[in-house]
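Numbering (our numbering), first residue to last: -13 to 267. Think of the CB as a built atom: it goes at the ideal place given N, C-alpha and C, for glycine as much as any other residue. Scroll down for the structure; my scribbles are underneath it.
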Ligand code: AMP
């Protein structure tokens, strides 16, 4: 496996590989865990050549968010990527990716898509995501790109961006990998103190509970959301919503594929940790 830190070297390598091989891209912000590895392994399985990007993208963090504190573990990431069969680990610096961050061209998803859920509480977040993903698509020229269902709104927005901007890339959504007790794996979990690690279980508990209720015939979104909010009582809930999976619009009576999504903040002495989770009903 080669570790590449400049866009020039990546373009040169990709132009050579592209002549004979299919390329899979797995965009990440590093601090890799089993969720990331499931994407990498799927790409290795589906493609001749896999590129993993490892870049904490500054343009998707708001001014009061955890950009500085976000974990950076490149050495461990490189070992995990190599063992998983990755061919290139692309780990550029912010200056390498953005020559002038404050004055850069942005890719902005539609207002309707960014004005809800995570986009509502993190203004500008999805502009940063769509921009860095577009840049990575142009650099890595993948046939397929792999994203986790864990970031469901991101996956929805990227799929739509690929359609709207005519990227010739297949977007593969991959299932959420969880701890044995239900907590969705996340790079931010390592910062949870013992008490909040326990409380964080309420997210998956709320989702599993309403999925069971739905399976047993409860199809009112309001009733399901009320049940979830009771389980999450006492927590700093950013949102808990049930949306139509096909368009991410609100739905009252569930009569087609839907998704329940939540975000909860856990304040700690050393800064607030915001966790997200979701489940297709
Ligand atoms: P991140 O490094 O958090 O930006 O995540 C990089 C990719 O890994 C995104 O497509 C995420 O959706 C995906 N991912 C993160 N956590 C998980 C998980 N627990 N299960 C599956 N995919 C995940």
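query                                                                                                                                                                : result
Output yes or no for whether 8 Å exceeds the beta carbon distance between residue -13 and residue 73.                                                                : yes
From residue 121 to residue 21, what distance separates their C-alpha atoms?                                                                                         : 23 Å
Assuming the contact rule is C-beta atoms closer than 8 Å, residue 127 and residue 217 should be a hit. Round their C-beta distance to whole Å, please.              : Actually they do not touch by this definition, with Cβ atoms about 45 Å apart.
Leaving out the 5 sequence neighbours to the left and right, which residues in its chain are closer than 6 Å to residue 252 when beta-carbon positions are compared? : 182 and 259
Count the CB pairs spanning the region 66 to 82 and the region 29 to 45 that are closer than 8 Å, and state whether there are at least three.                        : yes
On the CB-based measure, 16 or more other CB atoms within 10 Å of its CB, does residue 43 come out buried or exposed?                                                : buried
CB-CB under 7 Å to residue 197, same chain, minus the five flanking residues each way: which ones, in chain order?                                                   : 265 and 267
Distance, Cα to Cα, residue 291 vs residue 136?                                                                                                                      : Because the chain in this structure spans residues -13 to 267, residue 291 falls outside the shown range and cannot be described.
Around the Cβ of residue 308, are there at least 16 other Cβ atoms within 10 angstroms (buried) or fewer (exposed)?                                                  : Within the shown structure, residues of the chain are numbered from -13 to 267, placing residue 308 beyond reach of any answer.
Return yes when the Cβ of residue 143 is within less than 8 Å of the Cβ of residue 170, no when it is not.                                                           : no
Report the three-state DSSP secondary structure of residue 108 (helix, strand or coil).                                                                              : coil
Could you tell me whether the region 138 to 157 touches the region -3 to 5, using the rule of 3 or more Cβ pairs below 8 Å?                                          : no
Apart from the five residues on each side of it in sequence, which residues of its chain come closer than 7 Å, Cβ to Cβ, to residue -7?                              : 78, 82 and 125
For residue 237 and residue 229, which I take to be in contact (beta-carbon distance under 8 Å), what is that distance rounded to the nearest angstrom?              : 6 Å
So what does DSSP say about residue 151, is it helix, strand or coil?                                                                                                : coil
By how many angstroms is the C-alpha of residue 161 removed from the C-alpha of residue 98?                                                                          : 25 Å
Pick from 16, 112 and 12: whose alpha carbon is nearest that of residue 174?                                                                                         : 16
Could you round the C-beta distance between residue 288 and residue 146 to whole angstroms and report it? I think they count as a contact, below 8 Å.                : The structure shown has nothing for residue 288, since the chain only spans -13 to 267.
Locate the alpha helix (DSSP H) running through residue 227, then write down its first and last residues.                                                            : Note, residue 227: premise wrong, no alpha helix (DSSP H); beta strand (DSSP E) at 222 to 230.
For the alpha helix (DSSP H) containing residue 80, name the first residue and the last one.                                                                         : 80 to 83
Using only the heavy atoms of ligand 1, determine whether one of them is closer than 7 Å to the beta carbon of residue 178.                                          : no
On the CB-based measure, 16 or more other CB atoms within 10 Å of its CB, does residue 91 come out buried or exposed?                                                : exposed
For the alpha helix (DSSP H) that residue 67 lies in, which residues bound it at each end?                                                                           : 60 to 70
Looking at the unbroken beta strand (DSSP E) that takes in residue -12, where does it start and where does it end?                                                   : -12 to -10
Quick check on the burial criterion: 16 or more other C-beta atoms within 10 angstroms. Buried or exposed for residue 46?                                            : buried
Taking 7 Å as the line, does the beta carbon of residue 104 fall inside it for any heavy atom of ligand 1?                                                           : no
Quick one, which of 133, 108 and 164 has its alpha-carbon nearest residue 155's?                                                                                     : 133
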